[in-house]
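Residue numbers (my numbering): 337 to 765. Yeah, the Cβ is synthetic: ideal placement off N, Cα and C, and Gly gets one too. Read the structure below first, then the notes.
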């Protein structure tokens, strides 16, 4: 362990808090997934098609807010510290869920989604916190743990939300508010500051705290910019599963909600196992670059399998490959953090989160339109899995770009060499 990041009970408790923060935030968001469209439907006269349109608009608005405010929060955390930004976001989320639980009109719900998008942009600050307190050689494992927190939240959240929604359509919002506010109180007493004053930015610059400004910051580092594009392509590709799977499974296999729920649960469990357990074991053995490229190759293979799976057992065979694609994201983030000054980690993670948010804005529309076109009677080729095939091509492009962007790391010990067995067995931060 380096002198810069000594193992202390305080630091370990802080990392645990960040993990719990991400998990509870994802759990809170997951809880409202099964009931939010029904709440919109109740406010739009009960028409399902109209409710679907408004739900899509709100989803795009949520992603847009994340895109705009992720670099703002990152830059604020670089200037004033991570703790106030993270705690402020947790508190805002709790109040926002209360607002949506009480909402009786569509405009109030719109305001709630705007606040949610702004507050959830704190994930960039959480990633910057991890970069602050984690040794460089262990960041891939730490980011993998954060990915597992996302997975756990999305596995448990929708199931719990469906159960609570049967009791009352507004009950999941109250439970989500309780989780967010409890997390705020937990952090108030537990979370220390990770960025000391001497390592903070000298001033807050608005031109650096906007999406275009943060992307210009990435552009100053060509190898970082290339990996950021890889991160964006992978984030975009994931939306083929998120946005079309329910309709795809019904159209191609005749599945109902139960089969879809079991399958998504399997995807979440496999992804959590890979990111929580496998990343920290394979990175010390093979190096970040090799693991990143292997994850991208598995992602392209998995999506290709889904695209041509006319028989559902073949579809299930693609799930382990999709789970293994989870090796790519944490290692991309770990490699990127090495290239940026510690005083710019917040802006870096803000820019990365903005890219993911941009995928949130465009991904659902893109893949649902592709799916709809290739199952329509007028399609030149009938291909229900076209959306998955597009994802495979995006990830394959990310593999090629990642290969070139990290070519200079092949001789860098921290990025792409085998370490000693003792180092491989060192406890996580």
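Between the beta-carbon of residue i and the beta-carbon of residue j, is there less than 8 Å?
{"i": "residue 667", "j": "residue 619", "result": "yes"}
{"i": "residue 418", "j": "residue 530", "result": "yes"}
{"i": "residue 361", "j": "residue 412", "result": "no"}
{"i": "residue 357", "j": "residue 422", "result": "yes"}
{"i": "residue 730", "j": "residue 572", "result": "yes"}
{"i": "residue 712", "j": "residue 576", "result": "no"}
{"i": "residue 353", "j": "residue 526", "result": "yes"}
{"i": "residue 634", "j": "residue 602", "result": "no"}
{"i": "residue 453", "j": "residue 402", "result": "yes"}
{"i": "residue 632", "j": "residue 738", "result": "yes"}
{"i": "residue 513", "j": "residue 433", "result": "yes"}
{"i": "residue 407", "j": "residue 687", "result": "yes"}
{"i": "residue 607", "j": "residue 703", "result": "no"}
{"i": "residue 409", "j": "residue 461", "result": "yes"}
{"i": "residue 366", "j": "residue 492", "result": "yes"}
{"i": "residue 639", "j": "residue 724", "result": "yes"}
{"i": "residue 588", "j": "residue 414", "result": "no"}
{"i": "residue 395", "j": "residue 700", "result": "yes"}
{"i": "residue 393", "j": "residue 509", "result": "no"}
{"i": "residue 664", "j": "residue 560", "result": "no"}
{"i": "residue 515", "j": "residue 364", "result": "yes"}
{"i": "residue 669", "j": "residue 426", "result": "no"}
{"i": "residue 694", "j": "residue 568", "result": "yes"}
{"i": "residue 479", "j": "residue 488", "result": "no"}
{"i": "residue 676", "j": "residue 684", "result": "yes"}
{"i": "residue 584", "j": "residue 446", "result": "no"}
{"i": "residue 736", "j": "residue 636", "result": "no"}
State the DSSP-derived secondary structure class of residue i, mapped to helix, strand or coil.
{"i": "residue 591", "result": "coil"}
{"i": "residue 534", "result": "helix"}
{"i": "residue 744", "result": "helix"}
{"i": "residue 730", "result": "helix"}
{"i": "residue 772", "result": "The requested residue 772 does not occur in the structure, where the chain is confined to residues 337 to 765."}
{"i": "residue 411", "result": "helix"}
{"i": "residue 599", "result": "helix"}
{"i": "residue 574", "result": "coil"}
{"i": "residue 352", "result": "helix"}
{"i": "residue 751", "result": "Legend: pLDDT at residue 751 = 45, less than 50; position of this residue unreliable, no value from coordinates given."}
{"i": "residue 380", "result": "coil"}
{"i": "residue 712", "result": "coil"}
{"i": "residue 605", "result": "helix"}
{"i": "residue 367", "result": "helix"}
{"i": "residue 721", "result": "coil"}
{"i": "residue 504", "result": "coil"}
{"i": "residue 385", "result": "Because the pLDDT at residue 385 is just 47, under 50, the model does not fix this residue reliably, and the value given afterwards should be weighed accordingly. If DSSP states are grouped into helix, strand and coil, residue 385 belongs with the helices."}
{"i": "residue 337", "result": "The predicted position of residue 337 is uncertain, since its pLDDT is 38 and thus under 50; no value can be drawn from it."}
Residue range of the alpha helix (DSSP H) that residue i falls in?
{"i": "residue 669", "result": "664-674"}
{"i": "residue 768", "result": "In the structure displayed, the chain extends from 337 to 765; residue 768 sits before or after that span and is not available."}
{"i": "residue 328", "result": "A question about residue 328 goes unanswered here, because the residues of the chain that appear run from 337 up to 765."}
{"i": "residue 453", "result": "442-455"}
Handout entry: Sufficient close CB pairs (3 or more, under 8 Å) joining the stretch 635-646 to the stretch 708-721
Key = yes
Handout entry: Cβ pair count under 8 Å reaching 3, the stretch 627-637 against the stretch 432-446
Key = no
Practice task
Kindly provide the ranges of any alpha helix (DSSP H) runs that are 4 or more residues long and lie completely inside the stretch 609-659, ordered along the chain.
Solution key: 615-622, 624-643
Exercise for the section: Check whether the stretch 374-381 touches the stretch 500-512, counting contact only when three or more Cβ pairs, one atom from each stretch, lie closer than 8 Å. Expected result: yes
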